[in-house]
Structure formats: C-alpha cells, structure tokens
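Below: the structure, in structure tokens.
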C-alpha cells in the first residue's frame, strides 16, 4: 500500500479557496487517488478521485502532479460546512481503503 | 432515499457483555464493511464481506464477529474478548470490493463501556 503524508491541520477563511496537499511518493502506476471527508460525528463521504489527469466535480477539483507523487484537493470557495477531516487514499485494484489521520480543516467565518 | 442505517446511535456495554451493532443498506450493494475509529485517529478495518454468506477479517478482527445472511444486513458483534471496545463504529457499503468502488458510510454507532 502506498504511504501518504498529509498536514495534521489547516485553516481557511470562509469563501476563500483551500488547497489541501497530499504526498504519496510510493504510489504505484495503477493506484487511483481517492479523497474522502468526514464531517464531525458523521461517517466519511466521497469527494473525488483520479488517476493522472486533473479532475473536477461539483464538490472539488483534484490536481495530480505529473510524477503522481503528490496531489492537491482544491475547494474553490470554502464554506463553514466544509470544516471536516479530509483523507487522501491511494488505492489499487482489490485493495481495501486505508483511512489515515487525514487533515483537519477549520473554516473561519 | 437509498442509504445505510446504523442503530443504535449510542450503545453502552457492561463488562463481560456481548453487544451487537446493526447495519442495514438498501443500495443493493454486494460489499459491506465495518470500521472502528478512535478519537483523533483514522478508520481501521474490522471485517468486510464481498457477498452474502462470505466475509473476511480486516486489520483488527480480534474480539469481533460478523454475519452476512442477507445482502442488506451486516451486523457486528463486539464480544467480551474485545478489551477496549469504546470507539466510534462505522459501517459502509460499495458495489463491490475489487474495482475501487465508492464506499457509502452510515452515521455510525458510538459504543461506550460502563
């Protein structure tokens, strides 16, 4: 399994963009990069995933480095509801998800 | 609405007692999972099931047991052999386990030891 490194915590102001980094230098060529988030006292929820190209959906954008050793989850305009723990999870075929400690994002009004 | 339900929301266990946590899904998913989360930590996989009547141990299966008699249901029993059961328990499901399918999580059950 690829090892990941994420900041323990980050802060953002409301309505500003947030860039959440993830280092996964041991990722294999066929690992997809998944991002989930967990709101307080709730189960995690899917955010986005990708392989090589940058990806966009209604929640966020995922920017993947050309060498795939790192990725960045981008929230374009943070809201108070985006305050959560964000998990970066490289994953290959047949593997189980591994949810590490993640990054705790605080959003300031 | 389709989704995953877990009950109860809070559960109290006495010393030496077995307790069972319920997990039901109406998403028609084949795969189901149980995770444990301790305060400030990530999630650890307890058991998972790819199909009815089949399940596999995860990373921390000792002191837990599961059954998968119906596609919709995957109950978790915390036995008296689990010496430190206080934690937040999360159930999830996905279409299958092999193709990196999105996992959908329930709201969780918080287990406390009296």
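Chains as they are written, first to last, in our numbering: chain A, 203 to 311; chain B, 5 to 118. Heads up, the beta-carbon is just placed ideally off N, CA and C, and yes, glycines get one too.
Could you please give the first and the last residue of the uninterrupted beta strand (DSSP E) stretch that includes residue i?
i	result
residue 92/B	91-98
residue 117/B	113-117
residue 221/A	220-225
residue 85/B	First-last for residue 85/B: undefined, no H or E at that position.
residue 23/B	23-29
residue 69/B	68-70
Which residues in chain E sit within 8 Å of residue i, going by Cβ to Cβ distance?
i	result
residue 302/A	Judged by its chain identifiers, the structure shown contains no chain E, and its protein chains are A and B.
Pull up the DSSP beta-bridge partners for residue i, would you.
i	result
residue 55/B	58/B
residue 41/B	47/B and 92/B
residue 212/A	307/A
residue 240/A	287/A
residue 14/B	114/B
residue 75/B	DSSP lists no partner for residue 75/B.
Please identify the residue among the options whose C-alpha is closest to the C-alpha of residue i.
i	options	result
residue 51/B	38/B, 118/B, 97/B and 84/B	38/B
residue 310/A	282/A, 205/A and 287/A	282/A
residue 36/B	88/B, 78/B and 69/B	78/B
residue 82/B	26/B, 22/B and 113/B	22/B
residue 1/B	111/B, 75/B and 49/B	Not covered by the structure: residue 1/B. The range shown for chain B is 5 to 118.
residue 30/B	109/B, 115/B and 87/B	109/B
residue 115/B	8/B, 100/B, 68/B and 15/B	15/B
residue 304/A	225/A, 219/A, 218/A and 217/A	225/A
residue 250/A	105/B, 7/B and 70/B	105/B
residue 80/B	88/B, 71/B, 8/B and 48/B	71/B
residue 73/B	27/B, 92/B, 94/B and 62/B	27/B
residue 210/A	99/B, 46/B, 97/B and 76/B	46/B
residue 63/B	206/A, 300/A, 274/A and 221/A	300/A
residue 229/A	280/A, 279/A, 277/A and 272/A	272/A
- Examine the Cβ distances between the region 221-236 of chain A and the region 274-292 of chain A and report whether three or more of them are shorter than 8 Å. yes
- Flag this pair as touching only if the region 265-277 of chain A and the region 238-254 of chain A have three or more C-beta atom pairs under 8 Å; answer yes or no. yes
- Every unbroken beta strand (DSSP E) inside the region 241-280 of chain A [3 residues or more]: 247-252, 263-266 and 272-277
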